[in-house]
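To start, the structure itself, in structure tokens.
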Amino acid sequence: MKRVSRWERALDAAGVHDPALRADYGRQRQEVARYKREVALATALLLPGRTVPHVIAAAAFMHRTDTILDSGPLAGRRAASARWRQQVTESLAAGRTDDPELRPLLNSIDAHPALRDRVLDFLAATDADLDFSGFATEQDYQAYVDGYSLPAFMVVAALLGPDGDQSAYRAACRTYIDASQRLDFVNDLAEDLADGRLTLPEQTLREHGVTRADLEHGRDLPTVRALLGDQLDLVDRTLAEGRTVIGLVPAVHRPMVRCIVGVDELTSAAARADQGALLRRSASPSKPGALRLLGREYLRARRLRG
Numbered sequence: 002m003k004r005v006s007r008w009e010r011a012l013d014a015a016g017v018h019d020p021a022l023r024a025d026y027g028r029q030r031q032e033v034a035r036y037k038r039e040v041a042l043a044t045a046l047l048l049p050g051r052t053v054p055h056v057i058a059a060a061a062f063m064h065r066t067d068t069i070l071d072s073g074p075l076a077g078r079r080a081a082s083a084r085w086r087q088q089v090t091e092s093l094a095a096g097r098t099d100d101p102e103l104r105p106l107l108n109s110i111d112a113h114p115a116l117r118d119r120v121l122d123f124l125a126a127t128d129a130d131l132d133f134s135g136f137a138t139e140q141d142y143q144a145y146v147d148g149y150s151l152p153a154f155m156v157v158a159a160l161l162g163p164d165g166d167q168s169a170y171r172a173a174c175r176t177y178i179d180a181s182q183r184l185d186f187v188n189d190l191a192e193d194l195a196d197g198r199l200t201l202p203e204q205t206l207r208e209h210g211v212t213r214a215d216l217e218h219g220r221d222l223p224t225v226r227a228l229l230g231d232q233l234d235l236v237d238r239t240l241a242e243g244r245t246v247i248g249l250v251p252a253v254h255r256p257m258v259r260c261i262v263g264v265d266e267l268t269s270a271a272a273r274a275d276q277g278a279l280l281r282r283s284a285s286p287s288k289p290g291a292l293r294l295l296g297r298e299y300l301r302a303r304r305l306r307g
């Protein structure tokens, strides 16, 4: 007898029976595994089968959108983003599409209707990323979190949240993504500066007596370390507050959400361990720590699924 794979069982549990649609989901699973192997692995190990294909479809949609936003000169990216937004919006309105990369998304929206509005919210927010030119103040950063980071996060997060009203859950997601986005900006500082992007508020630099040139030239000064340390302190405080999101999701989704938050905690710890190195490269979470986290949450997930 042919052994049924975990992935095939997940498609069955999610109600995806049409062979062509199963193939579409399968290609997206392979795509997600290529650019975010750890996400694909955690999704497969920590989530119930019925949720896995829908998270894969949402993640693949996010990846395609991000690729459009990040590829080529600004004018071309803006035009491509507008075309993509129109294509997705028209497909949602029609309830069908000939694009094999969108068919899984539409099917997942049929299964999880709340995902439709989250997709539209994110598409409406993409101009905030295209128009990004840095932050003058902390308030500008917070507006970016509201205008882009949160709508982007909610595309996948909506699938993990509670049924019905998600107001309290969304507020908790907002706290978490504030911490996660700030962590990304601090951790990817060298890469962003190399691309001509300063992602820390100018106000914050002035308060610490740091110039953009200090950061661009990798000057490992006490003032620079104080700046990075204060930003990481803020990340850790906000992450601790954002952990409330774990208790707001269904029990079967908590291993995945704990893992998402836990990876950020490990990344912040790695960044703090060698702050000066952030001027040259990003920090990565401890591999033993990440494996322990994944193993612990996998055991929890198995117990929940019986």
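For the sequence shown, the residue numbers in my numbering are 2 to 307. The beta carbon of each residue, even a glycine, is placed where N, CA and C say it ideally should be.
Check: Of the listed residues 80, 210, 271 and 41, nearest to residue 323 (C-alpha basis); Outcome: Any property of residue 323 remains undetermined from this structure, which presents the chain solely from 2 to 307.
Check: Contacts around residue 278, its chain only, beta-carbon distance under 8 Å, and the 5 residues preceding and following it disregarded; Outcome: 284
Check: Nearest candidate by alpha-carbon position, reference residue 169, set 300, 247, 254 and 183; Outcome: 247
Check: Buried or exposed (CB count within 10 angstroms, at least 16 for buried), residue 276; Outcome: buried
Check: Residue-level contact to chain C via CB, residue 74, 8 Å cutoff; Outcome: Absent here is chain C; the protein component of the structure consists of one chain.
Check: Environment of residue 91 [buried if 16+ CB atoms lie within 10 Å]; Outcome: exposed
Check: CB contact flag (residue 262, residue 163, <8 Å); Outcome: no
Check: C-alpha distance - residue 56 paired with residue 222, whole-angstrom precision; Outcome: 43 Å
Check: Alpha helix (DSSP H) segment containing residue 44, residue limits; Outcome: 38 to 47
Check: Range of the contiguous alpha helix (DSSP H) that encloses residue 269; Outcome: 255 to 274
Check: Backbone secondary structure at residue 223 - three-state DSSP; Outcome: helix
Check: CA nearest to the CA of residue 244, picked from 259, 118 and 236; Outcome: 259
Check: Residue 105 versus residue 17 - alpha carbon distance; Outcome: 9 Å
Check: CB-CB length for residue 93 against residue 82, believed under 8 Å; Outcome: 16 Å between Cβ atoms; not a contact.
Check: DSSP-derived helix/strand/coil call for residue 277; Outcome: helix
Check: The ligand ZN heavy atom lying under 7 Å from the CB of residue 102; Outcome: The ligand ZN is not part of the structure shown, which contains no ligands of any sort.
Check: Residue 136, enclosing alpha helix (DSSP H) - first and last residue; Outcome: It is not in any alpha helix (DSSP H) - residue 136 carries neither H nor E in the DSSP assignment.
Check: Same chain, Cβ closer than 6 Å to residue 218, five either side skipped, listed in chain order; Outcome: none
Check: With 16 other Cβ atoms within 10 Å as the buried cut-off, status of residue 5; Outcome: exposed
Check: Touching by the beta-carbon criterion (3+ pairs, under 8 Å), the stretch 21 to 35 and the stretch 47 to 63; Outcome: yes
Check: Residue 98: first and last residue of the uninterrupted alpha helix (DSSP H) it sits in; Outcome: Where residue 98 is concerned, there is no enclosing alpha helix (DSSP H), given that its DSSP letter is neither H nor E.
Check: Three-way DSSP call (helix, strand, coil) for residue 105 in this model; Outcome: helix
Check: From 46, 126, 73 and 156, residue whose alpha carbon lies closest to that of residue 61; Outcome: 156
Check: Cβ contact (3+ pairs, closer than 8 Å) linking the stretch 32 to 51 and the stretch 285 to 301; Outcome: yes
Check: Assigned exposure category for residue 167 - 16 Cβ within 10 Å defines buried; Outcome: buried
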